[in-house]
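Asker: Residue numbers for the sequence shown follow UniProt numbering, beginning at 1 and rising by one.
Even glycine gets a Cβ: it sits at the ideal position worked out from N, Cα and C.
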Amino acid sequence: MNNSRFDLGLALLSKIDGEAGHNVIDSLQDICPDLARFTIEYPFGDIYSRPSLDLKSREIATVAALTALGNCRPQLKVHLNAALNVGCSEDEIKEVLLQMSVYAGFPSALNGMFAFKEVLQERETE
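What follows is the structure in structure tokens.
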């Protein structure tokens with residue numbers, strides 16, 4: 001294992017997803033620790049660390065993709081939180097979700113908006 005990839009990925013996971021990201025990693029330890037390690041190394045150590053896009057742009061793209069897929073609610077909620085963590089405003093995220101109504105359809109946009117509503121409510125109670 002290349003420790004620098006893992007260490008860089010873990011640092012970015014902490015910065016972007018915070019506790020929610022660590023909860024995902026922890027939940028994999030008893031069933032597939034390799035998937036936990038791959039999740040740290042590849043998306044965060046290899047991709048998120050690339051210099052051509054900032055973290056805010058990467059999270060906008062991720063929120064759009066997960067919304068369009070339409071079957072990734074838990075991951076979407078993690079990345080809606082991440083988008084807020086890296087500097088996206090509530091209005092920017094709402095616009096991304098609204099944009100998805102054009103390209104992914106109203107059901108996906110509605111599901112994304114309702115997930116965002118839950119994220120905002122959860123953040124208020126913390």
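Which complete alpha helix (DSSP H) runs does the UniProt domain "Carboxymuconolactone decarboxylase-like" (33-118) hold, if anything under 4 residues is left out?
Answerer: Listed in chain order, the complete alpha helix (DSSP H) runs (minimum 4 residues) inside the UniProt domain "Carboxymuconolactone decarboxylase-like" (33-118) are 33-39, 55-69, 73-85, 90-103.
Asker: Leaving out five residues before and five after A115 in sequence, what residues of the same chain have Cβ atoms less than 7 Å from its Cβ?
Answerer: So the qualifying residues of the chain are R73, L76, K77, L80.
Asker: Taking all protein chains shown into account, decide if A104 is buried (16 or more other Cβ within 10 angstroms of its Cβ) or exposed.
Answerer: By the 10 Å Cβ count, A104 comes out buried.
Asker: Thinking C32 and K56 are a contact (beta carbons under 8 Å), I'd like their distance in whole angstroms, please.
Answerer: Not a contact, Cβ separation roughly 31 Å.
Asker: Where E95 and I16 are concerned, what is the direct C-alpha to C-alpha distance, given to the nearest angstrom?
Answerer: Each residue's alpha carbon lies about 20 Å from the other.
Asker: Rounded to the nearest angstrom, what separates Q29 and F6 at their Cα positions?
Answerer: Q29 and F6: Cα-Cα distance of roughly 15 Å.
Asker: Take H22 and list the residues in its own chain whose beta-carbon comes closer than 8 Å to its own, dropping the five residues that flank it on each side.
Answerer: Correct list, in chain order: L13, S14.
Asker: Can you tell me where the alpha helix (DSSP H) holding I31 begins and where it ends?
Answerer: Premise fails: I31 is in no alpha helix (DSSP H) and is neither H nor E.
Asker: Determine the burial state of S52: buried for a count of at least 16 other Cβ atoms within 10 Å of its Cβ, exposed for fewer.
Answerer: By the neighbour-count rule (16 or more Cβ atoms within 10 Å), S52 is not buried but exposed.
Asker: Residues in its own chain within less than 6 Å of V119 by CB, not counting five upstream and five downstream?
Answerer: Excluding sequence neighbours, V119 sits near K77, L80, N81.
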